[in-house]
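Okay, so here's the structure we're looking at.
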Amino acid sequence: MLRSISEVRHTSLATRRCCPVKSRAALHEAVFVKHDTNPSKFFDVTLLTPREERSIRVASDQHIWDAAFEQGVELPALCHQGWCLTCAGRIEGQGEVDQADSLAFFPQDREAGFGLLCTGRPCSDLTIRTHQAVEMRKHRLKDGLPSPYSQGLKP
Ligand code: FES
Numbered sequence: 068m069l070r071s072i073s074e075v076r077h078t079s080l081a082t083r084r085c086c087p088v089k090s091r092a093a094l095h096e097a098v099f100v101k102h103d104t105n106p107s108k109f110f111d112v113t114l115l116t117p118r119e120e121r122s123i124r125v126a127s128d129q130h131i132w133d134a135a136f137e138q139g140v141e142l143p144a145l146c147h148q149g150w151c152l153t154c155a156g157r158i159e160g161q162g163e164v165d166q167a168d169s170l171a172f173f174p175q176d177r178e179a180g181f182g183l184l185c186t187g188r189p190c191s192d193l194t195i196r197t198h199q200a201v202e203m204r205k206h207r208l209k210d211g212l213p214s215p216y217s218q219g220l221k222p
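Residue 68 is where the sequence shown starts when you use the working numbering, and the numbers rise one by one after that.
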């Protein structure tokens, strides 16, 4: 069964990281066949952007940025790998985001309420304030953590 772009990208990245594909048939299997027999859960995610408040539905195995894009909400992004902080958001209130797909995400980021939407998957209903790249970069600088594209910023 053909899957969504985000699922293919996620599977493709997971395949590259964890299990080298040995043949063309194995690659097709890894990318196009859904191995997980558990149906996805869906969560309601409210996005507080500078222009509007939008509610979207996001599957538990979907990146929040991809779901927003598919539902007509354009959010900032650059690397799409959970590294550059361009897509940063901040969780308001309760809620959890799985950042296992991010290249660099630290416990201090989670404690401060930040999330990287390009590689974050919802674990619950969420309210997220978007466009938080500058704030997250300042937070990283303050904690002495990697902060790409933060030249000129002060913590
Ligand atoms: S776009 Fe680079 S961390 Fe999300």
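Backbone N, C-alpha and C fix where the C-beta goes; we use that ideal spot for every residue, glycine too.
Keep in mind the model is a prediction, meaning the values are calculated, not measured.
Practice task
Could you give the DSSP three-state label for Pro174: helix, strand or coil?
Solution key: helix
Problem - Endpoints, the alpha helix (DSSP H) within which Glu202 is located - result: Ala200 to Lys209
Practice task
Report yes if the C-beta distance between Pro213 and Ala171 is below 8 Å; otherwise report no.
Solution key: yes
Exercise for the section: Note down, in chain order, each residue of its chain lying with its Cβ closer than 6 Å to the Cβ of His198, except the 5 sequence neighbours on either side. Expected result: Pro117
Practice task
Tell me, to the nearest whole angstrom, how far the beta carbon of Pro189 is from that of Ser122; I am working on the premise that it is less than 8 Å.
Solution key: Not confirmed; about 13 Å, so no contact.
Practice task
Return helix, strand or coil for Glu137, following the three-state DSSP convention.
Solution key: helix
Practice task
Would you list the one or two residues that DSSP bridges to Ile158?
Solution key: Ile195
Problem - Inter-residue CB distance, Lys205 and Leu220 (contact presumed, cutoff 8 Å) - result: 6 Å
Exercise for the section: Please indicate yes or no: does the CB of Leu212 lie closer than 7 Å to some heavy atom of ligand 1? Expected result: no
Handout entry: Chain-order list of residues whose beta-carbon lies under 8 Å from that of Lys108 (same chain, five-residue window excluded)
Key = Ala126 and Ser127
Practice task
Provide the residue span of the beta strand (DSSP E) that contains Leu212, from first to last.
Solution key: Note, Leu212: premise wrong, no beta strand (DSSP E); not H, not E.
Exercise for the section: Evaluate Gly187 with the Cβ neighbour count: other Cβ atoms within 10 Å of its Cβ, from every protein chain shown; 16 or more gives buried, anything less gives exposed. Expected result: buried
Practice task
Leaving aside the five residues before and after Arg157 along the sequence, list all residues of the same chain whose C-beta is less than 6 Å from its C-beta, in chain order.
Solution key: Gly180, Phe181, Arg196 and Gln199
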